[in-house]
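No gaps in the numbering here: position 202 of the sequence shown is 199 in the working numbering, and each next residue is one more.
Backbone N, C-alpha and C fix where the C-beta goes; we use that ideal spot for every residue, glycine too.
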Amino acid sequence: MSKPRIVIIGASSAIAEHCARLWVRAAVELILVGRDLVRVSRVAADLRVRSPHSTVTALEASFNDPGAIARLASALTAERPVDVVLIAHGSLPVQKDCESDLSMACDALEVNGVSPVLFAEAFAGVMETRGKGTLAVIGSVAGDRGRKTNYVYGAAKGMVERYVQGLQHRLANSAVKVVLIKPGPTATPMTSHLPQHGLAPVEQAARRIVEAIAQGQPVVYAPVKWWLIMMVIRHLPRAIFNKLNI
Ligand SMILES: NC(=O)c1ccc[n+]([C@@H]2O[C@H](COP(=O)([O-])OP(=O)(O)OC[C@H]3O[C@@H](n4cnc5c(N)ncnc54)[C@H](OP(=O)(O)O)[C@@H]3O)[C@@H](O)[C@H]2O)c1
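Laid out in structure tokens, this is it:
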């Protein structure tokens, strides 16, 4: 029997790397894609040591060229279908910098919104044709309601959520599963400049993501308490919301 074939886009992300560590507990074929071959190769080398029975390949790719993204998805699925695609890349901008420098806002919108959506669209088409597979995209609780402290990043993540909703609707009558993961603040390099208290351990986020993908859950908060927190934040009346420094 062939090994499950898993593609990770943004595979040098700490959350993605910890998902990969869980996946290689069984023998799998992993294809790790990153913008920097050195960084993604380092992750691949570690995973090979952890799982000699797995096959781990590292690839460098363009993350903002639609043609290159389409060609990558075709190339990776040409010989053998992919069972799981996890789209994990992202970057937390400084909100104030995005307000004063539109090129930073543009970069943040592209890397957190446009790029993940293009990768998802490229793989969704292949999975739809095959009628099988699980496509998982990492959004964020920041996409649930625009807040003054991070609304450019939040807008990009909100776009990912709206895109995933549409894709889930399109594929609802197929066997293809589309999973949106919304982590709360998690201890990774992305948050290393923030106070560390209250951040979820990255291992915990990874466990929840791998479980959600195995079950094909449509939307998961990681950890689950963020479902309740964001439900309250989403429903706060504007008069109260505007008084909060969040
Ligand atoms: N950590 C949190 O608190 C948190 C909360 C909610 C959602 N998330 C989301 O979770 C996902 C994983 O984040 P993480 O916490 O694991 O962060 P991380 O360890 O800092 O990883 C970020 C990843 O994104 C890649 N990346 C950054 N800018 C890029 C660009 N311009 N083009 C292509 N790739 C780029 C990085 O590549 P390099 O290694 O080459 O730099 C790396 O693979 C992201 O989508 C993030 O938005 C994280």
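What residue does the beta strand (DSSP E) around V82 start on, and which one ends it? In this chain, the beta strand (DSSP E) harbouring V82 covers 81 to 84.
Evaluate the contact criterion for the segment 53 to 70 versus the segment 112 to 122: three or more CB pairs, one atom per stretch, below 8 Å. The segment 53 to 70, when compared against the segment 112 to 122, does touch it at the 8 Å Cβ threshold.
Does the contact criterion of 3 or more C-beta pairs under 8 Å hold for the segment 6 to 17 versus the segment 36 to 49? Proximity of the segment 6 to 17 to the segment 36 to 49 meets the contact definition, three or more beta-carbon pairs being nearer than 8 Å.
Does DSSP put A133 in a helix, in a strand, or in coil? In the structure shown, A133 sits in a strand (DSSP, three-state: E or B).
If you reduce the DSSP assignment to three classes, tell me which class A184 lands in. Coil.
With DSSP collapsed to three states, give me the class of A24. In the three-state reduction of the DSSP assignment, A24 falls in the coil class.
Pair within 8 Å by beta-carbon distance, A8 and V37: Taking 8 Å as the Cβ cut-off, A8 and V37 qualify as a contacting pair.
Please state if the CB of I28 and the CB of G87 are separated by a distance shorter than 8 Å. Not closer than 8 Å, so no.
Considering only C-alpha positions, which residue in the set C95, N109, P180 is nearest to K145? Comparing Cα-Cα distances from K145 to each of C95, N109, P180, the minimum goes to C95.
Are the beta-carbon atoms of A209 and L196 separated by less than 8 Å? Cβ atoms of A209 and L196: not closer than 8 Å.
Could you check where the alpha helix (DSSP H) with R32 kicks off and where it finishes? That residue, R32, is in no alpha helix (DSSP H); it is neither H nor E in DSSP.
Which runs of the alpha helix (DSSP H) at least 4 residues long sit entirely within the segment 191 to 220? Give them in chain order. Within the segment 191 to 220, the complete alpha helix (DSSP H) runs of at least 4 residues are 199 to 212.
If you measure between the beta carbons of D62 and G130, is that distance less than 8 Å? Between D62 and G130, the C-beta spacing is not below 8 Å.
For ligand 1, any of its heavy atoms closer than 7 Å to the Cβ of D33? If you check the C-beta of D33 against ligand 1, you find a heavy atom less than 7 Å away.
I230 lies in the alpha helix (DSSP H); which residues open and close that run? Looking at the DSSP string, the run of the alpha helix (DSSP H) that includes I230 is 222 to 232.
Quick one: give me the first and last residue of the beta strand (DSSP E) that E57 is part of. Unbroken beta strand (DSSP E) run through E57: 52 to 57.
Got a sec: does ligand 1 put a non-hydrogen atom nearer than 7 Å to the Cβ of H50? No.
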